[in-house]
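Notes for the one structure printed next.
Number of protein chains: 2
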Amino acid sequence: MNTTPILANIAKHIALTSDEENYFLSLLREKSFNKKELILRESQRCEYINFVNSGTLRAYYLSNDVKETTVMFAIKDWWITDMNCFMNLQPAMLHIEALENSQVIQLSKNNLDKLFLEIPKFERFFRIIFQKAYIREQLRGIENLSLSAEERYQVFSNKYPQILKKVNQKQIASYLGITPEFLSSILSKSKK
Amino acid sequence: MNTTPILANIAKHIALTSDEENYFLSLLREKSFNKKELILRESQRCEYINFVNSGTLRAYYLSNDVKETTVMFAIKDWWITDMNCFMNLQPAMLHIEALENSQVIQLSKNNLDKLFLEIPKFERFFRIIFQKAYIREQLRGIENLSLSAEERYQVFSNKYPQILKKVNQKQIASYLGITPEFLSSILSKSKK
DNA sequence: CAAAAAAATTAAGGTAGTTTAAGATTTCGA
DNA sequence: TCGAAATCTTAAACTACCTTAATTTTTTTG
């Protein structure tokens with residue numbers, strides 16, 4: 015198991031002793047997913063929070079079994095799960111799929127609860143992770159309500175150039191809240 | 015200072031000894047705002063996180079000095095601030111105004127940092143607060159991208175009936191991301 | 001309480017983005 | 001490597017929501 019990235023990610027916000035580090039690592043498991051495989055399916059239990067070691071994941075909401083809304087993408091070094099389902103033990107509202115072969119490190123809800131008890135510093139770590147996630151989602155909400163589709167595309171491509179390279183237009187459109195046809199027409203206009 | 019509501023709010027998630035309680039209370043200050051008064055103005059420093067003791071507040075983003083986007087309402091028992099500005103010491107992006115005479119309890123960033131050092135349990139408390147805020151914002155994002163304006167109004171009025179009573183249609187429209195004129199036409203149609 | 005300001009309503013005309021559909025291009029699976 | 005499936009493009013018709021503007025209703029303030 016390649017634990018360097020996840021330990022570096024954690025060291026950004028809290029410092030662990032080597033005992034703590036070992037205890038933390040003992041709670042993790044590694045899992046690989048093939049392209050197009052589902053990490054999580056709607057209505058299932060969502061047992062794990064996932065740290066992306068390699069590859070690309072996408073979380074999306076499927077309304078009326080037909081319209082996809084992309085909630086987030088996750089690449090190397092991101093954490094992803096259906097947070098409501100994971101934390102509140104609800105059935106999943108989201109699907110999470112691998113957009114390419116991906117390797118993730120999984121931490122179960124039970125082990126996270128243990129971790130909070132054993133090493134309270136992790137409360138701080140996840141406090142910071144959630145704080146950033148909240149700020150990010152709130153800003154995206156403002157952008158969605160105050161910018162045009164074309165402006166939203168510009169913001170997205172400036173903010174996440176690495177993601178832009180990895181995902182197709184249909185998926186970007188569903189993240190921006192527009193149809194693939196309309197995104198295509200935006201892009202062909204802005205080339206001129 | 016009426017500290018019963020804020021202590022009850024905290025007791026929902028963590029248990030404090032009476033020493034801890036006293037230390038926490040020593041870091042707070044109470045402030046009252048008149049209807050229409052601004053608690054926070056765009057581009058200012060945002061020094062405080064606010065707990066609402068009474069009244070109603072609204073946070074909004076103003077684009078091109080003309081279009082308002084309501085980011086959140088806060089009534090009794092809610093926490094509100096411009097979180098990015100508060101936590102990352104950035105100039106405020108949001109305005110926060112009192113929609114009626116309101117009393118809030120304020121905790122400064124400096125005192126919050128002290129609190130995290132002195133009583134690490136508060137990391138847990140705010141971890142849970144941010145976790146809920148993140149889940150709430152993500153769900154709102156999904157609703158904004160997947161539901162029609164009329165459906166969004168229904169969801170809002172079912173989820174926040176107390177807020178619905180306190181705020182006017184113009185403000186609800188700016189929360190839903192539509193014009194007041196269009197909200198008016200939705201409402202008059204649905205009466206029939 | 002009266003006057004002024006703000007909010008809500010209504011309606012006509014306009015536009016950003018959707019829908020449908022068909023063809024062209026790329027990716028994928030056997 | 002070939003055929004099938006998915007994605008992308010283009011375009012025309014359509015609609016949800018916006019803009020403007022005038023009128024009415026409600027709220028605020030001196």
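Going down the list, the protein sequences come from chains P and D.
When we follow my numbering, the leftmost residue of the first sequence carries the number 15, and every step to the right adds one.
When we follow my numbering, the leftmost residue of the second sequence carries the number 15, and every step to the right adds one.
All residues carry an ideal CB built from backbone N, CA and C; glycine is no exception.
For residue i, three-class secondary structure by DSSP
i	result
Glu56 of chain D	coil
Leu153 of chain D	helix
Leu42 of chain P	strand
Ser32 of chain D	helix
Val118 of chain P	strand
Ala187 of chain P	helix
Ala106 of chain P	coil
Pro175 of chain P	helix
Met19 of chain D	Reading the sequence as shown, one finds Pro at residue 19 of chain D and not Met. Pro19 of chain D falls in the helix class under three-state DSSP.
Asn124 of chain P	helix
Leu159 of chain P	helix
Ile24 of chain D	helix
Asn98 of chain D	helix
Val169 of chain D	helix
Listed by chain order, chain D residues near residue i by CB distance under 7 Å
i	result
Arg59 of chain P	Within chain D, no residue comes near Arg59 of chain P; the closest Cβ sits about 17 Å away, beyond 7 Å.
Ile156 of chain P	Tyr75, Thr83 and Val85
Asn64 of chain P	Residues of chain D passing the Cβ test: none, with the nearest at roughly 16 Å.
Per DSSP, cross-strand counterpart(s) of residue i
i	result
Trp93 of chain P	P:Phe65
Ala112 of chain P	P:Leu71
Glu82 of chain P	P:Leu76
Phe47 of chain D	D:Ser116
Phe196 of chain D	Paired residue(s): none; Phe196 of chain D is not in a bridge.
Phe139 of chain D	According to DSSP, Phe139 of chain D bridges with nothing at all.
Phe87 of chain P	P:Arg72
CB of residue i within 7 Å of CB of residue j, strictly
i	j	result
Glu151 of chain D	His109 of chain D	no
Gln117 of chain P	Asn64 of chain P	no
Ser188 of chain P	Thr83 of chain P	yes
Thr70 of chain D	Lys180 of chain D	yes
Ile133 of chain P	Glu44 of chain P	no
Tyr167 of chain D	Tyr148 of chain P	no
Leu54 of chain D	Ala106 of chain D	yes
Lys135 of chain P	Ile28 of chain P	yes
Leu159 of chain D	Gly191 of chain P	yes
Glu114 of chain P	Arg72 of chain P	no
Glu164 of chain P	Ile200 of chain P	yes
Leu39 of chain D	Thr17 of chain D	yes
Arg141 of chain D	Glu137 of chain P	yes
Asp91 of chain P	Asn182 of chain P	no
Phe144 of chain P	Gln145 of chain D	yes
Pro194 of chain D	Lys184 of chain D	yes
Chain D contact residues for residue i, given Cβ-Cβ distances below 9 Å
i	result
Ala112 of chain P	Those do not exist, as Ala112 of chain P stays about 20 Å from chain D at its closest Cβ, beyond 9 Å.
Asn125 of chain P	Those do not exist, as Asn125 of chain P stays about 16 Å from chain D at its closest Cβ, beyond 9 Å.
Heavy atom of the ligand NAD within 6 Å of residue i beta-carbon
i	result
Tyr148 of chain D	Only the bare structure without any ligand can be found here, which leaves the ligand NAD out of the picture.
Chain-ordered chain P contacts of residue i [CB-CB under 7 Å]
i	result
Gly69 of chain D	By Cβ distance, chain P contributes nothing, its closest Cβ being about 22 Å from Gly69 of chain D, past 7 Å.
Leu77 of chain D	It should be noted that the sequence gives Ser, not Leu, for residue 77 of chain D. Here the neighbours are Ser160.
Arg72 of chain D	Residues of chain P passing the Cβ test: none, with the nearest at roughly 14 Å.
Arg141 of chain D	Glu137, Phe140, Arg141 and Phe144
Gln120 of chain D	Residues of chain P passing the Cβ test: none, with the nearest at roughly 19 Å.
Chain-ordered neighbours of residue i on chain P, where CB pairs are closer than 8 Å
i	result
Met101 of chain D	Gln145 and Ile149
Lys81 of chain D	Ser160
Gln183 of chain D	The contacting residues do not exist; Gln183 of chain D stays about 17 Å from chain P at best.
Within chain P, the residues that residue i reaches when beta carbons sit closer than 9 Å
i	result
Pro134 of chain D	Pro134, Lys135, Glu137 and Arg138
Gln168 of chain D	Those do not exist, as Gln168 of chain D stays about 15 Å from chain P at its closest Cβ, beyond 9 Å.
Asn172 of chain D	The premise fails here: Asn172 of chain D is roughly 17 Å from chain P at the closest Cβ pair, so nothing lies under 9 Å.
Asn115 of chain D	Within 9 Å Cβ-Cβ: nothing; Asn115 of chain D doesn't reach chain P, min ~27 Å.
Residues that residue i contacts on chain D, provided the C-beta gap is smaller than 8 Å
i	result
Met15 of chain P	The premise fails here: Met15 of chain P is roughly 26 Å from chain D at the closest Cβ pair, so nothing lies under 8 Å.
Gln176 of chain P	Near Gln176 of chain P there are no residues of chain D at all, since even the closest Cβ is about 21 Å away, more than 8 Å.
Asn23 of chain P	Ordered by position in chain D, no residue passes the 8 Å Cβ test against Asn23 of chain P, which lies about 17 Å from the chain.
Whether or not the segment 125-132 of chain D and the segment 71-91 of chain D are in contact is what I'm after, with contact meaning three or more pairs of Cβ atoms, one per stretch, closer than 8 Å; do they touch? no
Should the segment 169-179 of chain D be called in touch with the segment 47-62 of chain D, which here means at least 3 C-beta pairs below 8 Å? no
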